[in-house]
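Every position in the sequence shown, counted from 1, becomes a number in the numbering used here once 1 is added.
Ideal Cβ placement from N, Cα and C applies to all residues, glycine included.
First the structure, in the form of structure tokens, and then the observations on it.
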Amino acid sequence: MGSLAAANGAGHASNGAGVADQALALENGTGNGHKAGVANRATPALQANGGSKVAKKISPTDKYWVAADEGEMAAAIADGGEDGRRPLLYRTFKVKGILLHPYRKNELSNPSLNDHEPIFNKLVLCRLKALVGLLQMEMLLSLIRLVAIVLFFIWRVRHPYADGMWLWWISMVGDLWFGVTWLLNQVAKLNPVKRVPNLTLLEQQFDLPDGNSNLPCLDVFINTVDPINEPMIYTMNSIISILAADYPVDKHACYLSDDGGSIIHYDGLLETAKFAALWVPFCRKHSIEPRAPESYFSLNTRPYTGNAPQDFVNDRRHMCREYDEFKERLDALFTLIPKRSDVYNHAAAKEGAKATWMADGTQWPGTWIDPAENHKKGQHVGIVKVMLKHPSYEPELGLGASTNSPLDFSAVDVRLPMLVYISREKSPSCDHQKKAGAMNVQLRVSALLTNAPFIINFDGDHYVNNSKAFRAGICFMLDRREGDNTAFVQFPQRFDDVDPTDRYCNHNRVFFDATLLGLNGIQGPSYVGTGCMFRRVALYGVDPPRWRPDNVKIVDSSTKFGSSASFISSILPAADQERSIMSPPALEEPVMADLAHVMTCAYEDGTEWGREVGWVYNIATEDVVTGFRLHRNGWRSMYCRMEPDAFAGTAPINLTERLYQILRWSGGSLEMFFSRNCPLLAGRRLHPMQRIAYANMTAYPVSSVFLVFYLLFPVIWIFRGQFYIQKPFPTYVLYLVIVIALTELIGMVEIKWAGLTLLDWIRNEQFYIIGATAVYPTAVFHIVLKLFGLKGVSFKLTAKQVASSTSDKFAELYAVQWAPMLIPTMVVIAVNVCAIGASIGKAIVGGWSLMQMADAGLGLVFNAWILVLIYPFALGMIGRWSKRPYILFILFVIVFILIALVDIAIQAMRSGFVRFHFKSSGGATFPTSWGL
Numbered sequence: 002m003g004s005l006a007a008a009n010g011a012g013h014a015s016n017g018a019g020v021a022d023q024a025l026a027l028e029n030g031t032g033n034g035h036k037a038g039v040a041n042r043a044t045p046a047l048q049a050n051g052g053s054k055v056a057k058k059i060s061p062t063d064k065y066w067v068a069a070d071e072g073e074m075a076a077a078i079a080d081g082g083e084d085g086r087r088p089l090l091y092r093t094f095k096v097k098g099i100l101l102h103p104y105r106k107n108e109l110s111n112p113s114l115n116d117h118e119p120i121f122n123k124l125v126l127c128r129l130k131a132l133v134g135l136l137q138m139e140m141l142l143s144l145i146r147l148v149a150i151v152l153f154f155i156w157r158v159r160h161p162y163a164d165g166m167w168l169w170w171i172s173m174v175g176d177l178w179f180g181v182t183w184l185l186n187q188v189a190k191l192n193p194v195k196r197v198p199n200l201t202l203l204e205q206q207f208d209l210p211d212g213n214s215n216l217p218c219l220d221v222f223i224n225t226v227d228p229i230n231e232p233m234i235y236t237m238n239s240i241i242s243i244l245a246a247d248y249p250v251d252k253h254a255c256y257l258s259d260d261g262g263s264i265i266h267y268d269g270l271l272e273t274a275k276f277a278a279l280w281v282p283f284c285r286k287h288s289i290e291p292r293a294p295e296s297y298f299s300l301n302t303r304p305y306t307g308n309a310p311q312d313f314v315n316d317r318r319h320m321c322r323e324y325d326e327f328k329e330r331l332d333a334l335f336t337l338i339p340k341r342s343d344v345y346n347h348a349a350a351k352e353g354a355k356a357t358w359m360a361d362g363t364q365w366p367g368t369w370i371d372p373a374e375n376h377k378k379g380q381h382v383g384i385v386k387v388m389l390k391h392p393s394y395e396p397e398l399g400l401g402a403s404t405n406s407p408l409d410f411s412a413v414d415v416r417l418p419m420l421v422y423i424s425r426e427k428s429p430s431c432d433h434q435k436k437a438g439a440m441n442v443q444l445r446v447s448a449l450l451t452n453a454p455f456i457i458n459f460d461g462d463h464y465v466n467n468s469k470a471f472r473a474g475i476c477f478m479l480d481r482r483e484g485d486n487t488a489f490v491q492f493p494q495r496f497d498d499v500d501p502t503d504r505y506c507n508h509n510r511v512f513f514d515a516t517l518l519g520l521n522g523i524q525g526p527s528y529v530g531t532g533c534m535f536r537r538v539a540l541y542g543v544d545p546p547r548w549r550p551d552n553v554k555i556v557d558s559s560t561k562f563g564s565s566a567s568f569i570s571s572i573l574p575a576a577d578q579e580r581s582i583m584s585p586p587a588l589e590e591p592v593m594a595d596l597a598h599v600m601t602c603a604y605e606d607g608t609e610w611g612r613e614v615g616w617v618y619n620i621a622t623e624d625v626v627t628g629f630r631l632h633r634n635g636w637r638s639m640y641c642r643m644e645p646d647a648f649a650g651t652a653p654i655n656l657t658e659r660l661y662q663i664l665r666w667s668g669g670s671l672e673m674f675f676s677r678n679c680p681l682l683a684g685r686r687l688h689p690m691q692r693i694a695y696a697n698m699t700a701y702p703v704s705s706v707f708l709v710f711y712l713l714f715p716v717i718w719i720f721r722g723q724f725y726i727q728k729p730f731p732t733y734v735l736y737l738v739i740v741i742a743l744t745e746l747i748g749m750v751e752i753k754w755a756g757l758t759l760l761d762w763i764r765n766e767q768f769y770i771i772g773a774t775a776v777y778p779t780a781v782f783h784i785v786l787k788l789f790g791l792k793g794v795s796f797k798l799t800a801k802q803v804a805s806s807t808s809d810k811f812a813e814l815y816a817v818q819w820a821p822m823l824i825p826t827m828v829v830i831a832v833n834v835c836a837i838g839a840s841i842g843k844a845i846v847g848g849w850s851l852m853q854m855a856d857a858g859l860g861l862v863f864n865a866w867i868l869v870l871i872y873p874f875a876l877g878m879i880g881r882w883s884k885r886p887y888i889l890f891i892l893f894v895i896v897f898i899l900i901a902l903v904d905i906a907i908q909a910m911r912s913g914f915v916r917f918h919f920k921s922s923g924g925a926t927f928p929t930s931w932g933l
């Protein structure tokens with residue numbers, strides 16, 4: 002994600018972000034880290050926030066971007082903040098020069114482009130600049146390609162394929178669909194915008210000299226269900242990194258939602274709180290990055306550049322031992338808890354079900370190891386446990402080194418943020434709405450405890466990779482230009498366990514680094530799940546200020562939000578982003594009754610929860626639909642890329658698991674398109690270009706209907722010996738070459754400004770074809786069933802990769818897991834391989850005219866291109882042999898030869914010219930003629 006470093010947020014030259022390994026710098030010079038000095042004996046206030054300055058880092062893609070807000074910045078500097086408005090907390094950049102952006106530097110610095118310019122003049126100027134922009138490279142290439150597609154389509158209409166009209170009609174409809182979807186996709190990327198948080202200015206404006214801060218409060222949500230499918234070590238690392246984030250300790254709280262009600266997670270959280278008491282001060286003292294211990298200790302050796310190397314070496318060695326012991330304690334819980342429960346059950350000497358017991362000698366109210374009535378998955382009471390209480394508002398220094406603890410924290414603030422365990426009530430008679438339902442419960446519980454105006458959500462396998470990430474998101478929320486109208490800030494998803502070649506396109510950089518930057522120039526990126534910061538009142542369904550008349554009271558009716566008076570009374574205070582976090586009430590009986598009430602299964606009955614309030618229900622992609630609802634209501638969103646990456650996580654590197662993930666996304670997208678949330682039906686508050694982008698993002702699986710048909714065209718070649726080529730041949734080929742060449746040129750331009758690599762682009766193309774053959778047809782079948790009132794396809798949740806006990810960290814990559822959805826792509830491979838083999842056989846037999854040879858040559862290029870695109874899938878199907886990719890090529894060659902020999906034999910038998918001459922001695926000779 003490297004294009005933001007030079008001018009931006011976390012990597013800005015002057016912002017003091019402190020976001021790399023502050024005490025460390027990469028030896029290998031790969032550009033993933035940078036040197037930074039650390040004052041190890043700094044003040045507690047500085048150390049509490051992680052504190053060092055970071056040198057400016059230049060990204061190779063910065064040369065393609067130019068500042069587009071110099072006029073606004075100049076005006077802000079000129080007024081010196083005397084107008085009483087909030088500062089400009091981010092910079093805006095657009096692609097410059099011959100690539101996209103038509104602005105010249107003297108235009109950008111024009112002081113008339115400030116907030117005092119009449120809106121009419123600004124609109125006219127923007128329109129003129131947009132027209133000039135069409136002459137720039139990508140827009141010009143897109144326009145040429147559009148003209149070429151139109152001319153190609155007209156030519157095809159005038160030259161129908163008389164020998165196969167049904168093929169001609171199908172291909173015409175398919176080409177029209179592909180042309181329209183390509184155009185819609187390009188339209189969404191006509192104005193890519195990069196916004197870069199100014200962390201230095203945020204610190205200057207909101208951090209106080211005494212170590213306190215005026216930053217707004219933040220509630221952090223983490224969701225998990227199963228400690229087996231979602232390994233607990235990932236979840237606990239996520240929590241640890243959140244507790245250690247560089248954000249005021251008394252201004253953020255962490256909520257873990259355990260939707261399985263497992264005591265494993267509860268006891269694991271107890272152990273995590275104990276370990277965090279050492280780890281968090283260690284991170285503050287030495288400005289450690291990243292602050293998830295699993296990720297930090299897996300990094301290569303780095304030289305220490307601070308002022309107390311001996312302290313660091315000893316502290317790090319001690320923390321490494323502590324972390325190993327922590328992991329052992331987590332692993333031991335799976336055997337310790339059953340043994341402990343057996344002891345308590347034996348002492349209780351009760352007949353019936355065996356209860357699961359907590360360490361304090363009380364029965365666990367959630368799911369028991371031996372399921373029983375009211376204590377099993379899908380049936381248990383709600384649970385709220387405060388694991389770490391809200392800290393005091395003044396820094397608390399730790400203890401000096403001693404015999405028992407060699408860590409010297411005497412100059413370090415050792416406070417920890419509030420930590421809460423939640424498991425909502427479950428009942429067999431209720432639809433629990435999966436993850437969306439759990440997050441809505443978190444929303445209500447957190448409102449009663451801390452009620453922060455901003456929220457950020459994480460999956461259980463993601464962690465904070467850049468300790469300044471929370472501050473970066475806040476920059477967009479507090480900026481005076483669009484801050485108040487911003488509902489959410491989406492960070493890109495990054496993964497650190499993907500194989501070096503990214504075989505299955507897990508990084509998905511074309512989407513995160515190109516498509517979302519394009520949406521950033523319209524109404525903002527879509528919400529794509531984990532790593533997203535929300536404005537709480539936006540999730541409550543409140544209109545944004547630009548669409549809300551002044552002094553209009555926010556609706557707080559029980560028919561919308563439920564019957565909890567305490568929750569309803571928390572809504573208005575949540576809109577005050579300047580308010581400090583409220584001290585959570587003591588968990589006495591009235592408070593516990595309120596918490597239990599908002600966690601009940603029946604609380605949402607007859608309310609707007611899951612429709613107009615909170616996360617949306619009854620759809621596989623609740624994240625995209627929730628973001629769409631916010632955009633539909635008139636809110637906008639922001640996209641934030643940082644360096645180092647804000648967050649990171651684990652990805653499914655197994656082929657089948659990756660396809661299941663894409664199946665859920667594609668099926669949910671079609672559900673959205675054919676529902677009340679269809680982008681085409683949204684009101685006027687949704688920007689027209691945003692509407693187009695959402696329509697394209699939700700209808701894309703339909704392309705598979707035509708694409709699969711195209712990919713199976715070689716069947717005609719095998720059985721009829723004739724490839725479908727429209728005549729006249731030279732004109733057809735000319736149009737194809739022009740359209741394909743323009744597509745690739747546009748892609749190369751996009752690679753430049755988005756900071757992608759050629760491999761990123763290739764992997765995106767390859768996995769689009771794999772998804773279109775293996776997954777999208779199933780998604781289309783799913784929505785057809787749903788439209789007819791049937792159940793549809795069940796979407797399997799993605800299992801997280803468990804660390805392998807072997808030395809091969811990518812063992813899952815080579816495992817073959819069978820699933821029915823693999824069949825269509827295997828058929829496509831077989832058809833194209835057979836077509837190539839058959840063409841070789843026909844070439845050996847010969848007898849072709851020049852036109853037939855031309856047709857065959859173009860057909861072979863098509864077959865080879867398809868195999869190149871499906872190559873990662875083929876590698877996945879040969880399992881561990883794929884460690885040596887050349888084996889796949891050898892297999893292909895062998896199959897080509899075998900099929901060619903079979904085809905030759907079939908042609909020979911059909912021709913009737915094979916003559917076997919038997920000698921009187923009983924011997925035989927080989928055929929003397931193939932009848933060529």
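Alpha carbon of residue i to alpha carbon of residue j, nearest angstrom
{"i": "residue 842", "j": "residue 899", "result": "10 Å"}
{"i": "residue 265", "j": "residue 334", "result": "7 Å"}
{"i": "residue 105", "j": "residue 78", "result": "Low confidence applies here, because residue 105 scores a pLDDT of 44, under 50, leaving its location unreliable; read the following figure in that light. Looking at the two C-alpha atoms, the distance is approximately 21 Å."}
{"i": "residue 381", "j": "residue 634", "result": "36 Å"}
{"i": "residue 812", "j": "residue 571", "result": "49 Å"}
{"i": "residue 37", "j": "residue 288", "result": "Low confidence applies here, because residue 37 scores a pLDDT of 32, under 50, leaving its location unreliable and the question unanswered by this model."}
{"i": "residue 395", "j": "residue 413", "result": "12 Å"}
{"i": "residue 731", "j": "residue 520", "result": "39 Å"}
{"i": "residue 486", "j": "residue 871", "result": "44 Å"}
{"i": "residue 704", "j": "residue 176", "result": "10 Å"}
{"i": "residue 713", "j": "residue 908", "result": "22 Å"}
Presumed contact (8 Å Cβ cut-off) between residue i and residue j, rounded CB distance
{"i": "residue 426", "j": "residue 600", "result": "5 Å"}
{"i": "residue 442", "j": "residue 258", "result": "7 Å"}
{"i": "residue 448", "j": "residue 568", "result": "6 Å"}
Proximal residues to residue i (C-beta, below 6 Å), its chain only, five neighbours per side dropped
{"i": "residue 817", "result": "880"}
Residue i beta carbon near the ligand FMN (any heavy atom closer than 8 Å)
{"i": "residue 158", "result": "In the structure shown, the ligand FMN is absent, as is every other ligand, since no ligand is present at all."}
Minimum C-alpha distance to residue i - residue among the options
{"i": "residue 470", "options": "203, 676, 873", "result": "203"}
{"i": "residue 63", "options": "758, 225, 845, 754", "result": "754"}
{"i": "residue 371", "options": "431, 263, 472", "result": "263"}
{"i": "residue 687", "options": "526, 736, 776", "result": "526"}
{"i": "residue 68", "options": "682, 95, 315, 874", "result": "95"}
{"i": "residue 708", "options": "640, 643, 682, 778", "result": "778"}
Same chain, Cβ closer than 8 Å to residue i, five either side skipped, listed in chain order
{"i": "residue 882", "result": "888, 889"}
{"i": "residue 455", "result": "217, 218, 219, 220, 474, 475, 478, 534, 535, 536, 537, 578"}
{"i": "residue 446", "result": "256, 385, 421, 423, 596, 599, 600"}
Residue j beta carbon less than 9 Å from that of residue i
{"i": "residue 680", "j": "residue 692", "result": "yes"}
{"i": "residue 839", "j": "residue 739", "result": "no"}
{"i": "residue 678", "j": "residue 617", "result": "yes"}
{"i": "residue 261", "j": "residue 237", "result": "no"}
{"i": "residue 278", "j": "residue 417", "result": "yes"}
Residues of its chain near residue i, where Cβ-Cβ distance is below 7 Å and the 5 sequence neighbours each way are ignored
{"i": "residue 119", "result": "In this prediction, residue 119 has a pLDDT of 49, which is less than 50 and means its spatial position is unreliable; nothing more can be read from the coordinates."}
{"i": "residue 762", "result": "511, 748, 752"}
{"i": "residue 864", "result": "715, 833, 836, 837"}
{"i": "residue 780", "result": "664, 667, 668, 671, 702"}
Residue-chain proximity (residue i, chain C), Cβ-Cβ < 9 Å
{"i": "residue 857", "result": "Going by chain labels, chain C is absent from the structure shown, which holds only one protein chain."}
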